[in-house]
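Chains as they are written, first to last, in this note's numbering: chain L, 2 to 343; chain B, 2 to 343. From the three backbone atoms N, C-alpha and C, an ideal C-beta is built for every residue, glycine too. This report concerns only the one structure given below.
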DNA sequence: TGTTAGCACTCATCAAAGGCGAGTGCTAAC
DNA sequence: GTTAGCACTCGCCTTTGATGAGTGCTAACA
C-alpha cells in the first residue's frame, strides 16, 4: 500500500483539525467539515490505511485518530517545500521595536517577548555566537588598583566585558596606551585570531604584562567560543494555555527544562546555520519535550555570524504561521542588530 | 473575648500542622498529635473562638480549620520578635558560590538559583539600586564614528553601560581626554550629584560637547534612578510542587506575574531598607499572589546601597527557615559583592 | 466554671453502576 | 471503488450510596 494524493489530503485535513481542536478526529468530522465528497465510511477505510502506514495513532478503539510525529514531519516538509513563508509580516513586526533599544541584551529580550506574544507559544532567542566577530576596539578601564574592565567592541556592536587582574603600578594612562596598542594590533581580526596572536606574543613580553595579556587572551577564548551566548525566553507560561499541559506534572517538567538553559542553548546551536529546522516530538532529544515541537530559524548578522530564534509548543502547532513569523522576525533582528555595524 | 496563651498555643499548632500538610486541621489532630492535654471537644471550643476572632477559616462546615492571613501575620511577628534568625547557615551557603563570579549579573543569577534550591520556593534577587553609588571612573569607548560606549565604574564595582551619540570628529584620543576630564570632575560623587553637575556645566560648553554631556547626564539619571535594577528569578516552577497550585489556572496566573518583572521590582523596592519584611496573601497587593506570601530581606553594599532578596511561596510557608536562609544569603551577598569595593 | 463524653448532623471524597454517544470495523449492496 | 447499515467498543459523565472526618450542641462531671 502506498500514500496517494487522496490519502494525503485526508491526512492534511486530520492534522489541520487536530491542530485547531486538540481532540481526536473522527471520520465523520473529516467527511462533513472538510467537504471531501466522500462518505465517512470511505474516510474510515483510508484512515485505517494511514494508521497502518504509521501516520495516525488511535488513543483507544472508540476514539478518533490523532496525527503521529511522522505525520507532522510529512506535513512540515510539505510546508517548507511549498515555501509558505511570507515576508509580509515583516513590516508589522517592525512596529514592535522601538529604535532606541540597541543593546544586544535588550534586543533579544524584547524579541522573545514579541515572538511569544505573536505566536502564543513559548519563544527562545539566542544571541549570535561571537566566534567570527571582528574586533573594532579594545579598551581597559581601571576598576581598582589591581583590576581593570575589558571592553571589546566588535563589528556586531556586541560588547562583552569582564574584569581581569592587572599587575600593580599601571595607572589610567598606562592602561590607555596598552589599550591603544592592543587595538592597533588586534583591530580587524576575529576573536579567535586575536586570542592566538596574544598568546604567541605574550612570550616576548615583559613579566608584568604577560599576565595581563594572558588573561585577556583567555577571556577572548571564552567569549569567542560562544559559551556565553545569551538566551532569552518569552512567555514560558504560554504552554499552560494548551490542554496538553493541563497536567501539572507535565507542565512542571516542561518548565524545569526552560529553567536550566544549557540544554536549550545546545539544542538551538545544533541548528548549524540552516534557515529553518523543525524538530517534532522525540526529535528534540529531550524527554520532557517529547510531545512538543521546536521550530527554529536563523538570523544573520554580517557575513559570518548568526543567531537563532525559535518557538516551542505542542506538536500540533500552527507550523505555517510560526514559520512565517520566525522568518519575519529573523529579518527584523538582522536589520536591528545590523545597525550597530554601519 | 480575648486571645490568651492557650488559644495562642493552639493556633500555633494549627499553623504548624497546616504548613506541613496543606490540609485543613481538625480538633482531634491537635488534641492527639500536639499533646495539649486537652480533649478534642475543648479544642473545638477554642477553635470556634479563634474563628470568631478571625484567625481561622473553615472551608466548609465539616472540614477542619485553616489559618487566615491574620493568623500568619501573628505567627510571623512572633517569630521576628523571638529572633529565630540563626546565622549558622551562612557558612554552608558560602560553598555554593565560587569565587570567580564577580560580575553583578552572574552573582544575582546564581544567588537566585541557590536560594530557590535551598528553600524549594521561588526566589527573587534584586541588584542594588545605583542611586547612592559613587563614581570611581568614567570612560568613553568609541563604537563607531558617531557613537561611543559609556562605562562607569562605581564603588559598588557595578558597571552600567550604554551607547551615546557623540558629535563627529572625535577620535579615540579625544574621547580619552574627555574621559579623563570627566573622571577628574565627577570622581567620588554619586550618580545623581554627577548628573546635576553635568547639566549645569553643559551650558558653558561648546556646541558639539553639549550634546554629548547631555546624553551622559541623561544616562546617569536613568542608572541612578534605579529603574534598571536587575531582577533574577530562581525556580519559578517550584510553585508547582505545592498542592495549592495544582490548579493550572492559578499556576498560570502566578507565572504570568513572574514574567512581567516590573511589578515584582516595585514590590521588592517597597522594602525600603528594612531588614526583613513579610507580606502575607493580600498584603502583596497583587491579586494573582493573593494566596502567596512574599518574604524579603535586604543586603547591604557599602554604607549607602542595598539590594533585596526574597522568596515567594504559598501562605503556609516555613517562615522560620526562610527567614534564616534569607539572612544568611544576605550576608553572603554583601561579602561577595563587597569584594569589588576593596 | 471550665472540661469532657456523647451524639446527631453535615458534607467532601471515593468508588461503583449505568446511560450516552462518538467512533470504529465489518458486511452487503450499489 | 464507494457507500449505507449495523453491531460493538469504550471513554466520559452523572447518579447513587457508603464512608469518614469533623463539627456544634447538650448534659454530666470535677
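Tell me where the alpha helix (DSSP H) around residue i begins and ends.
i	result
residue 31 of chain B	28 to 34
residue 137 of chain B	Taken as a continuous stretch (DSSP letters only), residue 137 of chain B belongs to no alpha helix (DSSP H), being part of the beta strand (DSSP E) at 136 to 145.
residue 49 of chain B	41 to 53
What residues of chain B sit near residue i, judged by a beta carbon separation below 8 Å?
i	result
residue 138 of chain L	142, 143, 144, 173
residue 253 of chain L	238, 241, 242
residue 257 of chain L	238
Is residue i helix, strand or coil by DSSP?
i	result
residue 58 of chain B	strand
residue 237 of chain B	helix
residue 169 of chain L	coil
residue 178 of chain L	helix
residue 298 of chain L	strand
residue 96 of chain L	coil
residue 190 of chain L	coil
residue 285 of chain B	helix
residue 102 of chain L	Because residue 102 of chain L carries a pLDDT of 49, less than 50, the predicted location of this residue cannot be relied on, and the following value inherits that uncertainty. In the structure shown, residue 102 of chain L sits in coil (DSSP, three-state: anything other than H, G, I, E or B).
residue 25 of chain B	coil
residue 232 of chain L	strand
residue 210 of chain L	helix
residue 325 of chain L	helix
Listing by chain order, which chain L residues have their CB less than 7 Å from the CB of residue i?
i	result
residue 283 of chain B	None at all; the shortest Cβ gap to chain L is about 22 Å.
residue 152 of chain B	142, 150, 152
What whole-angstrom Cβ distance do residue i and residue j have, given they're in contact under 8 Å?
i	j	result
residue 55 of chain B	residue 25 of chain B	Not a contact, Cβ separation roughly 17 Å.
residue 48 of chain B	residue 28 of chain B	6 Å
residue 327 of chain B	residue 310 of chain B	6 Å
residue 232 of chain L	residue 265 of chain L	6 Å
residue 120 of chain B	residue 312 of chain B	5 Å
residue 136 of chain B	residue 187 of chain B	5 Å
residue 290 of chain B	residue 127 of chain B	Not a contact, Cβ separation roughly 16 Å.
residue 141 of chain L	residue 203 of chain L	Rounded, the Cβ-Cβ distance is 15 Å, inconsistent with contact.
residue 124 of chain B	residue 236 of chain B	6 Å
residue 330 of chain L	residue 94 of chain L	6 Å
residue 308 of chain B	residue 122 of chain B	The Cβ separation is near 19 Å, so there is no contact.
residue 283 of chain L	residue 72 of chain L	At roughly 14 Å, the Cβ-Cβ gap does not stay under 8 Å, so residue 283 of chain L and residue 72 of chain L are not in contact.
First and last residue of the beta strand (DSSP E) that includes residue i?
i	result
residue 20 of chain B	That residue, residue 20 of chain B, is in no beta strand (DSSP E); its alpha helix (DSSP H) goes 6 to 22.
residue 127 of chain B	123 to 127
residue 280 of chain B	277 to 281
residue 257 of chain L	From DSSP, residue 257 of chain L is part of no beta strand (DSSP E) but of the alpha helix (DSSP H) over 249 to 260.
residue 148 of chain B	148 to 155
residue 311 of chain L	306 to 315
Which residue's Cα is closest to the Cα of residue i: the options?
i	options	result
residue 278 of chain L	L:143, L:320, L:193	L:320
residue 302 of chain L	L:82, L:155, L:93	L:155
residue 325 of chain L	L:134, L:298, L:34, L:75	L:298
residue 68 of chain L	L:53, L:117, L:82	L:53
residue 143 of chain L	L:185, L:170, L:112	L:170
residue 251 of chain B	B:108, B:238, B:263	B:238
residue 60 of chain B	B:23, B:195, B:40	B:23
residue 9 of chain L	L:280, L:195, L:79	L:79
residue 63 of chain B	B:45, B:129, B:112	B:45
residue 215 of chain L	L:192, L:283, L:165	L:165
residue 334 of chain B	B:98, B:50, B:256	B:98
residue 245 of chain L	B:146, B:245, B:249, B:243	B:249
Please list, in chain order, the chain B residues whose beta carbon lies closer than 7 Å to that of residue i.
i	result
residue 177 of chain L	177
List, in chain order, every chain B residue whose beta-carbon is nearer than 9 Å to that of residue i.
i	result
residue 291 of chain L	Residues of chain B passing the Cβ test: none, with the nearest at roughly 18 Å.
residue 249 of chain L	241, 246, 247, 248, 249, 252
Say yes only if the C-beta of residue i is nearer than 8 Å to one or more non-hydrogen atoms of the ligand PLP, and no if none qualify.
i	result
residue 118 of chain B	Absence of the ligand PLP from the depicted structure is noted, as is the absence of any ligand whatsoever, leaving it without description.
Please list the partners that residue i has in chain L, where partner means a Cβ-to-Cβ separation under 8 Å.
i	result
residue 260 of chain B	236, 237, 238
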